[in-house]
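Below: one structure, written as structure tokens.
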Amino acid sequence: MSAARVIHGARKLDADGQVDDFWLATQGDRIVATGNGSGWRAFADDADVTDAGGHWLTPGFIDLHSHGAGGCAYEGSVDDMRTALRTHRQHGTTRSILSLVANPVDELRVSLARIAELMESDPLVLGSHLEGPFLNPEQKGAHNAAFLRTPDDLEAVEQLIAAARGTLRQITIAPELPGALEAIDVLVEAGVIVAVGHTNATEQQAKLAFDRGARVLTHVFNAMPGIHHRAPGPIIAAFDDQRVAIELILDGFHVKPEVAHLAFVQAPERIALITDSMVAAGMPDGAYHLGSLAVTVTDGHVLLTGTNQIAGSTLTQDVALRIAILQTRIAPADAVAALTLTPAKVLGREHELGRLAAGYLADVVLLDHDWNVRSVWADGATLV
Numbered sequence: 043m044s045a046a047r048v049i050h051g052a053r054k055l056d057a058d059g060q061v062d063d064f065w066l067a068t069q070g071d072r073i074v075a076t077g078n079g080s081g082w083r084a085f086a087d088d089a090d091v092t093d094a095g096g097h098w099l100t101p102g103f104i105d106l107h108s109h110g111a112g113g114c115a116y117e118g119s120v121d122d123m124r125t126a127l128r129t130h131r132q133h134g135t136t137r138s139i140l141s142l143v144a145n146p147v148d149e150l151r152v153s154l155a156r157i158a159e160l161m162e163s164d165p166l167v168l169g170s171h172l173e174g175p176f177l178n179p180e181q182k183g184a185h186n187a188a189f190l191r192t193p194d195d196l197e198a199v200e201q202l203i204a205a206a207r208g209t210l211r212q213i214t215i216a217p218e219l220p221g222a223l224e225a226i227d228v229l230v231e232a233g234v235i236v237a238v239g240h241t242n243a244t245e246q247q248a249k250l251a252f253d254r255g256a257r258v259l260t261h262v263f264n265a266m267p268g269i270h271h272r273a274p275g276p277i278i279a280a281f282d283d284q285r286v287a288i289e290l291i292l293d294g295f296h297v298k299p300e301v302a303h304l305a306f307v308q309a310p311e312r313i314a315l316i317t318d319s320m321v322a323a324g325m326p327d328g329a330y331h332l333g334s335l336a337v338t339v340t341d342g343h344v345l346l347t348g349t350n351q352i353a354g355s356t357l358t359q360d361v362a363l364r365i366a367i368l369q370t371r372i373a374p375a376d377a378v379a380a381l382t383l384t385p386a387k388v389l390g391r392e393h394e395l396g397r398l399a400a401g402y403l404a405d406v407v408l409l410d411h412d413w414n415v416r417s418v419w420a421d422g423a424t425l426v
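Residue numbers (this note's numbering): 43 to 426.
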């Protein structure tokens with residue numbers, strides 16, 4: 043069990059707003075008390091005490107969509123996955139869903155089983171995300187077209203669900219594909235969060251998917267039709283549906299801050315900031331692979347080698363937070379909520395993740411005045 047801990051003298055910032063001179067006390071993996079002022083002293087005996095020095099204290103960040111970091115992909119070995127996770131945890135991400143690019147079904151089954159194995163020893167891994175193979179080839183992005191297929195093969199859908207042994211948390215589907223709505227029914231019944239993405243869906247097709255139980259839009263604005271005044275498309279369908287959370291890659295490259303601001307205005311409390319990072323996150327520029335495809339990283343931007351096609355990101359969630367606050371003109375509490383409480387709601391875990399409050403899991407990030415990560419705790423234990 044993690045040692046008792048007290049953090050005091052902080053500027054708390056979560057979805058409930060800002061509190062100065064804030065303190066919290068943890069025991070084991072939970073926050074047991076919070077307050078402001080000197081009340082922390084009653085919990086200080088036999089506890090590890092941290093003076094936050096007036097710096098920002100937020101809940102741990104939750105990444106619903108990431109493919110790797112630190113030179114390693116989540117298709118790799120358990121050790122590779124741990125390396126990638128270590129990189130993101132240094133940047134404030136305490137809980138992660140591990141995303142897989144499109145691959146042959148047999149290879150995906152192996153990867154899903156390996157993630158399930160990792161979860162047996164790492165409670166900070168929340169499950170797997172299949173970003174494929176059920177994507178529209180016309181909006182494939184950086185997925186290998188040879189591995190894409192239609193979701194009318196329900197046997198393949200069932201095989202993927204079974205391989206994950208209850209740990210498949212999310213899957214991205216283009217709802218206009220043959221059999222997509224029936225596949226959504228099967229996946230929702232199995233407890234999998236269905237996301238609409240890599241799609242040419244019309245507004246009506248996206249609405250049908252949401253009515254069948256899809257609850258997420260995968261990386262809004264990317265790999266989907268833009269907003270047209272006579273063809274609103276899936277973006278407007280998601281903006282208009284209060285049931286739908288909207289992933290956003292806020293690296294200033296995938297989506298310009300001015301457009302990201304529009305998303306926050308149109309879908310308040312429903313934006314989830316994701317990284318969609320690949321192996322080069324936390325690494326220097328150079329040549330890498332995303333799945334089976336060669337990519338080149340220049341100035342931190344990832345493109346399929348020899349093309350102008352974006353191929354994931356090198357983003358970490360602390361950078362997304364800084365861009366949200368400093369460039370996107372988002373209120374700091376709303377920006378933090380997009381990294382914490384909103385993804386917790388997507389997962390149905392908002393009762394224990396995403397707030398700095400008694401009874402919640404002790405996932406905490408300390409950031410300096412410029413929003414750089416200073417310390418990270420998860421389940422009450424020190425990560426950074």
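All residues carry an ideal CB built from backbone N, CA and C; glycine is no exception.
Closest by C-alpha distance to residue i, when choosing among the options
{"i": "Ala126", "options": "Gln369, Asp318, Thr338", "result": "Asp318"}
{"i": "Ser44", "options": "Leu172, Gln69, Leu196, Val344", "result": "Gln69"}
{"i": "Glu441", "options": "Ala322, Leu304, Trp413, Arg151", "result": "Examination of residue 441 is not possible in this model, given that the chain is present from 43 through 426 alone."}
{"i": "Ile313", "options": "Tyr330, Arg285, Thr338", "result": "Arg285"}
{"i": "Val344", "options": "Ala362, Ala399, Asp293", "result": "Asp293"}
{"i": "Ala399", "options": "Asp87, Thr214, Gly169, Pro101", "result": "Pro101"}
{"i": "His50", "options": "Ile365, Val415, Val406", "result": "Val406"}
{"i": "Leu55", "options": "His411, Asp227, Val426", "result": "His411"}
{"i": "Ala280", "options": "His303, Gly396, Ala251", "result": "Ala251"}
{"i": "Lys298", "options": "Ile278, Leu368, Ala232, Asp282", "result": "Leu368"}
{"i": "Leu172", "options": "Ala206, Thr129, Asp195", "result": "Ala206"}
{"i": "Ala386", "options": "Ala57, Ile291, Arg47", "result": "Ala57"}
{"i": "Glu218", "options": "Ala248, Gly208, Ala204, Leu202", "result": "Ala248"}
{"i": "Ile269", "options": "Cys114, Asn242, Ser417", "result": "Asn242"}
{"i": "Ile213", "options": "Leu177, Pro267, Phe189", "result": "Leu177"}
{"i": "Val167", "options": "Val143, Gly183, Asp195, Arg211", "result": "Arg211"}
{"i": "Val337", "options": "His185, Ser163, Gly169, Ala237", "result": "His185"}
{"i": "Val415", "options": "Arg53, Trp98, Gln60", "result": "Trp98"}
{"i": "Leu331", "options": "Asp62, Phe64, Gly118", "result": "The question names Leu, yet the displayed sequence has His at residue 331. Closest by alpha carbon: Gly118."}
{"i": "Ala52", "options": "Ala423, His133, Leu408", "result": "Leu408"}
{"i": "Val307", "options": "Ile291, Ser163, Ala373", "result": "Ala373"}
{"i": "Gly233", "options": "Ala216, Gly342, Thr209, Asp253", "result": "Thr209"}
{"i": "Ala94", "options": "Leu66, Gly113, Arg397", "result": "Leu66"}
{"i": "Thr191", "options": "Ile157, Gly183, Ile215", "result": "According to the sequence shown, residue 191 is Arg rather than Thr. Cα-wise, what sits closest to Arg191 is Ile215."}
Endpoints, beta strand (DSSP E) assigned at residue i
{"i": "Arg397", "result": "No beta strand (DSSP E) holds Arg397; DSSP gives it neither H nor E."}
{"i": "Val61", "result": "59-69"}
{"i": "Leu21", "result": "The shown model of the chain, from 43 to 426, leaves out residue 21, and the question about it has no answer."}
{"i": "Arg249", "result": "Looking at the sequence provided, one finds Lys at residue 249 rather than Arg. Taken as a continuous stretch (DSSP letters only), Lys249 belongs to no beta strand (DSSP E), being part of the alpha helix (DSSP H) at 245-254."}
{"i": "Thr129", "result": "No beta strand (DSSP E) holds Thr129; the alpha helix (DSSP H) holding it covers 120-131."}
{"i": "His107", "result": "103-108"}
{"i": "Ser170", "result": "167-172"}
{"i": "Pro181", "result": "Position check: residue 181 holds Gln in this sequence, whereas Pro was assumed. Run containing Gln181: none; DSSP gives neither H nor E here."}
{"i": "Ser141", "result": "135-142"}
{"i": "Trp419", "result": "415-420"}
{"i": "Arg211", "result": "210-215"}
Buried or exposed by the 16-neighbour rule on C-beta atoms within 10 Å, applied to residue i
{"i": "Gln246", "result": "exposed"}
{"i": "Val361", "result": "buried"}
{"i": "Ala329", "result": "exposed"}
{"i": "Pro458", "result": "Since the first residue of the chain shown is 43 and the last is 426, residue 458 is not available in this structure."}
{"i": "Glu180", "result": "exposed"}
{"i": "His109", "result": "buried"}
{"i": "Glu231", "result": "exposed"}
{"i": "Arg83", "result": "exposed"}
{"i": "Arg272", "result": "exposed"}
{"i": "Glu300", "result": "exposed"}
{"i": "His133", "result": "buried"}
Any non-hydrogen atom of the ligand FAD closer than 7 Å to residue i Cβ
{"i": "Asn414", "result": "Because no ligand of any kind appears in the structure shown, any question about the ligand FAD cannot be addressed here."}
Residue i, enclosing alpha helix (DSSP H) - first and last residue
{"i": "Ala155", "result": "147-161"}
{"i": "Leu425", "result": "Note, Leu425: premise wrong, no alpha helix (DSSP H); not H, not E."}
{"i": "Leu202", "result": "196-205"}
Residue i vs residue j beta-carbon contact at 8 Å
{"i": "Gly239", "j": "Thr260", "result": "yes"}
{"i": "Ala420", "j": "Thr136", "result": "yes"}
{"i": "Arg72", "j": "Leu403", "result": "yes"}
{"i": "Pro175", "j": "Ala225", "result": "no"}
{"i": "Glu311", "j": "Thr356", "result": "no"}
{"i": "Arg47", "j": "Ala89", "result": "yes"}
{"i": "Thr370", "j": "His303", "result": "yes"}
{"i": "Glu159", "j": "Val120", "result": "yes"}
{"i": "Gln359", "j": "Phe64", "result": "no"}
{"i": "Ala115", "j": "Thr129", "result": "no"}
{"i": "Leu106", "j": "Ile316", "result": "yes"}
{"i": "Gln351", "j": "Gly183", "result": "yes"}
{"i": "Ile291", "j": "Ala305", "result": "no"}
Which full runs of the beta strand (DSSP E) of 3+ residues lie inside the region 279-345, going along the chain? 287-291, 313-316, 328-332, 335-340
Those runs of the beta strand (DSSP E) which lie wholly inside the region 346-400 and span at least 3 residues: none
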